[in-house]
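Chains as they are written, first to last, in the working numbering: chain A, 401 to 671; chain B, 401 to 671. Glycine included, each C-beta is placed from N, C-alpha and C at the ideal position. This report concerns only the one structure given below.
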């Protein structure tokens, strides 16, 4: 089911700037029994991402009503929210006035076949460009992710790890990454590229409340390969340990287990 | 008038990856009496850009029929062609099979109020990121152009000049740039970012056939400010000299005049 500006529909105006320029933002989140999980975090992030592009975000009550309407079609749902700047004439100049378009779509959550198993990752050849004006924002300019994801089609590979143009690890094509080093968690600093996801922020908050040291840093590939543990997070998969990348293999470790349980407990309380 | 996959329509599927990820390419060109100008160059560039993203381009005859159908609505038309990868399920992986979507739209060409007058340009603060995997391609990930164009709203400013992250000049938000230095033309090398437009290629070919030295180089802002002439080109405006940027003013010079006339003569023969 898909609601476009609150109305069930399967098409959008061809003049929408989301299509013309990728001029918009999106979110993907889980819902249980019609209620989105961690809604406040997701809505705040959507609002911050809209602000980063000077798009006036949709009112929270309006969006939440759409999300509930699509979520309640399934006991466990994945909901995708897209907000674009709306329609405009040809040309990059911002349309005045400008009415954002909202798209809210729901699908049943597929249970991961083997959620506790570690993921095998591909090390992507594509390097993420540095663009501080867009770093951290989950915008619709995602060709880098598309090209990186097109590098493999082996179904045994669950994610691709992406480096930036300075050869630092930034994250997966659809996930954020954490490493454990001597009992401390680190996640890539995302001031030049990458998407600063909601589950990444939740992990940092959970680590803080569990007195687990956790920080942001520029992380070289070698440092990730040398890490005691590596795990990937996003709002749909939750937390998944990295089991293998190339010749490097990891066994699931205590910090991934601890944080994974804390995330799941939070989800259960939220649901 | 707008044709979507050859049929008059004003909406596209909401599942299109052009919307979701900016997963597509576009072109804007002129037409006269129903015939597109410099069609072979535009179609070849569209095909090359599709190939850069591993999108199978639409057949030439199919696209040309669409272009003619929208172009003949006006004596002089601007035609925009968009080709996306087509619809897909959620996720970055390429859909298999995959059917590209084509959008062809036409509008009357607005005569420039003062086509011979020079343009006043804004020097954009946004810096273009280096992404060799996408450099030169006119793809739908254009948030950098949107943000740069949003830096000014003075109607006296006709274009914004953009630098890259190494402070080299790359082009305008919607045009390519040439400078004249002691009788020689130079245009920014576009191996890291920017769009390598059809009119840019035409200028280089015209310069070669007129025995005017013309090359590509990494051009610092200072070198552009010190140039004898600066001019901007694209397929809709043709050639426009740069008259002013900040405190620097230029008077229209002989090379802009010569190349501008050669472009116009080619257009007249093509039309």
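Item, Value
"C-alpha distance - residue 468/B paired with residue 447/A, whole-angstrom precision", "43 Å"
"Min CB distance residue 627/A to chain B below 8 Å", "no"
"Cβ-based contacts, 9 Å cut-off: residues of the stretch 409-424 of chain B near chain A", "409, 410, 411, 412, 413, 414, 415, 416, 417, 418, 419, 420, 421, 422, 423, 424"
"Residue of 492/A, 667/A, 413/A minimising C-alpha distance to residue 421/A", "492/A"
"Cβ-based burial, residue 669/B [other Cβ within 10 Å; buried from 16]", "exposed"
"Contacts around residue 488/A, its chain only, beta-carbon distance under 6 Å, and the 5 residues preceding and following it disregarded", "417, 495"
"Residue 503/B in three-state terms, based on DSSP", "strand"
"Proximity test, Cβ basis, 8 Å: residue 437/A and chain B", "no"
"Contact check, residue 471/A vs residue 435/A, beta carbons under 8 Å", "yes"
"Rounded distance between the beta-carbons of residue 570/B and residue 594/B, thought under 8 Å", "4 Å"
"Exposed unless 16 or more other CB atoms sit within 10 angstroms - verdict on residue 541/B", "buried"
"Beta carbon proximity, residue 431/B to chain A, threshold 8 Å", "no"
"Beta-carbon proximity check, residue 666/B vs residue 602/B, cutoff 8 Å", "yes"
"Where the stretch 542-568 of chain B meets chain A: residues whose CB sits under 8 Å from a CB there", "542, 543, 544, 545, 546, 547, 548, 549, 550, 553, 565"
"Neighbour list for residue 538/B in chain A, Cβ cutoff strictly below 8 Å", "Within chain A, no residue comes near residue 538/B; the closest Cβ sits about 12 Å away, beyond 8 Å."
"Between the CA atoms of residue 614/A and residue 425/B - distance to the nearest angstrom", "41 Å"
"Whole runs of the beta strand (DSSP E) within the stretch 460-527 of chain B, excluding any shorter than 3 residues", "476-484, 501-508"
"Residue-level contact to chain A via CB, residue 473/B, 8 Å cutoff", "no"
"Alpha-carbon spacing of residue 562/B relative to residue 651/B, whole angstroms", "21 Å"
"Euclidean distance between Cα positions of residue 458/B and residue 502/B", "7 Å"
"Span separating the alpha-carbon of residue 620/B from that of residue 589/B", "11 Å"
"Between the CA atoms of residue 524/A and residue 509/A - distance to the nearest angstrom", "27 Å"
"For residue 651/B, three-class secondary structure by DSSP", "coil"
"Distance between beta carbons of residue 411/B and residue 407/A, contact taken as under 8 Å", "That belief does not hold up - the Cβ atoms of residue 407/A and residue 411/B are roughly 13 Å apart, past 8 Å."
"Contact list for residue 480/A against chain B, beta-carbon separation under 7 Å", "490"
"Given residue 431/B as reference, the closest of 584/B, 474/B, 486/B once Cα atoms are compared", "474/B"
"Under 8 Å between C-beta atoms of residue 500/A and residue 485/A", "yes"
"Cβ pair residue 623/A, residue 565/A closer than 8 Å", "no"
"Under 8 Å between C-beta atoms of residue 628/A and residue 653/A", "yes"
"Neighbour flag for residue 534/A against chain E, beta carbons, 8 Å", "Checking the listed chains, one finds no chain E in this structure; the protein chains it contains are A and B."
"CB-CB length for residue 521/B against residue 558/B, believed under 8 Å", "7 Å"
"Chain-ordered neighbours of residue 502/A on chain B, where CB pairs are closer than 8 Å", "In chain order: nothing, as chain B lies at least about 11 Å away."
"Neighbouring residues, chain A, relative to residue 640/B (Cβ below 7 Å)", "The premise fails here: residue 640/B is roughly 16 Å from chain A at the closest Cβ pair, so nothing lies under 7 Å."
"Chain A residues whose Cβ lies nearer than 9 Å to that of residue 574/B", "491, 492"
"Assigned secondary structure, residue 623/B (DSSP; H/G/I helix, E/B strand, else coil)", "helix"
"Backbone CA spacing between residue 518/A and residue 633/A [nearest angstrom]", "12 Å"
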